[in-house]
Structures are given as structure tokens and as C-alpha cells.
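Numbering (this note's numbering), first residue to last: 15 to 168.
Before any comments, here is the structure.
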């Protein structure tokens, strides 16, 4: 019996903190909404950064999200401070960048080390993206973060 999408994400979230790069990137197919892929009971224990809401209310967030590098640093800082982070609607930010910057962002994300301050404990980052599909990241690439590509049948 095939694992459900939610179960696959739960499994990836359980595995990620033990990895050097504790991110979980879920690559969504065009017809799947983020809320369907990651229901509340899956991400409920993670702090949430809503990119759409933050872009409307937070000028510091807008400055941080202008370039891929500053946005990645912002995500790392938020995850380290909060212990874990679910980044909601990341495509709203990434869509503003040219394709080469999108590719670099997603490739940098899967090799991003993120630790809690003054600790060796990992700080998990979970994000879902339709745009990551164009990057061509392979699922569970050795030595990188967990990549769940839901556009590929298992």
C-alpha cells in the first residue's frame, strides 16, 4: 500500500533533524495546493512564517526577501530562533526572482546548515513549492536535505 502524502512528509520531518542539512523541501505538482500536501496536523508543531502575510505587514521581511541570499539567511535565522519553521507560500517570494536566482535558492536550501543558538541541535525548515520543480533537484540526494518530489510517481 502506498504511503499517503501526509505520511511521507511526516516521515521526512522525523528524519530531517538528524541530517546535517535539516530542511524538507516538498516539490508540489501543479494541481496540488500546499494545504492539501501539508495539512495542519502535519505542520502543527512547527512555527509558521506566512510569506504572503509577512510581505503585507513587515518591511523587514520585504527587505530580506528581495534577494535569494538574504531571504535564505532570514529563513535560517527564523528557524534557529524558533527551533523549527514551516514556510507557508514561499512561491509568492520566489516567483519575483529570475529563474537563475530561483535555482540557486533551492539548491542552497538543500545544503543549508541550521542550528539552534549555542547548541548542536538542528533547526528544521519545511517548505513546499511548485516552482522548485523547474530546478531539477532529485529526491533525497545524498548529503543534502530531504527533497520530496510529489511530481514523480513512486
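Cβ coordinates follow ideal geometry from the N, Cα and C atoms, glycine included.
- Query: So what's residue 55 in DSSP terms, helix, strand or just coil?
  - Reply: Along the chain shown, read from residue 1 onward, the residue named residue 55 stands at position 41. In this structure, residue 55 counts as helix in the three-state DSSP scheme.
Exercise for review: Output the residue ranges of the alpha helix (DSSP H) runs that lie fully inside the segment 107-160 and measure 4 residues or longer, sorted by chain position.
Suggested key: 113-123
Query raised in the report: Of the choices 114, 91, 122 and 124, whose alpha-carbon is the least far from that of residue 8?
Result: Residue coverage of the chain in this structure runs from 15 to 168, which leaves residue 8 outside it and unanswerable.
Worksheet item: Using the C-alpha atoms, what's the distance from residue 46 back to residue 170?
Response: In the structure displayed, the chain extends from 15 to 168; residue 170 sits before or after that span and is not available.
Let me know if residue 134 comes out buried or exposed under the rule of 16 or more other beta-carbons within 10 Å of its beta-carbon.
For this step, residue 134 is matched to residue 120 along the chain shown. Per the 10 Å Cβ criterion, exposed.
Q. Going by Cα to Cα distance, which pick from 136, 146 and 93 is closest to residue 112?
A. Position 98 of the chain shown, counting from 1, holds the residue named residue 112. Looking at the Cα atoms, 146 is the closest of the given residues.
*asked:* I'd like to confirm the pairing. Which residues does DSSP put opposite residue 37 in its beta bridges?
replied: Along the chain shown, one-based indexing puts residue 37 at 23. Its beta-bridge partners are 139.
In whole angstroms, what separates the C-alpha of residue 160 from that of residue 109?
-> Taking the first residue of the chain shown as position 1, residue 160 is located at position 146. Taking the first residue of the chain shown as position 1, residue 109 is located at position 95. Each residue's alpha carbon lies about 22 Å from the other.
For the alpha helix (DSSP H) that contains residue 166, what are its first and last residues?
Residue mapping note: residue 166 aligns to position 152 of the chain shown, counting from 1. Looking at the DSSP string, residue 166 is not in any alpha helix (DSSP H), and its letter there is neither H nor E.
Practice item. Return the chain-ordered list of same chain residues with a C-beta closer than 7 Å to the C-beta of residue 25, the five sequence neighbours on each side being excluded. Key: The residue given as residue 25 occupies position 11 in the chain shown. So no residue of the chain qualifies.
Is it buried or exposed, residue 95, if we count other Cβ atoms within 10 angstroms and call 16 or more buried? Taking the chain shown and counting its residues from 1, one reaches residue 95 at position 81. Exposed, because fewer than 16 other Cβ atoms sit within 10 Å of the Cβ of residue 95.
Taking 8 Å as the CB-CB limit, is residue 24 close to chain B? Among the chains of the structure shown, chain B does not appear; only one protein chain is present.
Nearest-angstrom Cα distance between residue 31 and residue 138?
Position 17 of the chain shown, counted from the start, is the residue given in the question as residue 31. Position 124 of the chain shown, counted from the start, is the residue given in the question as residue 138. The straight-line gap from Cα to Cα measures roughly 6 Å.
Margin query: Can you check which of these residues, 17, 83 and 42, is closest to residue 140 by C-alpha distance?
Written below: Numbered from 1 along the chain shown, position 126 holds the residue referred to as residue 140. Residue 42 is the option with its Cα nearest to residue 140.
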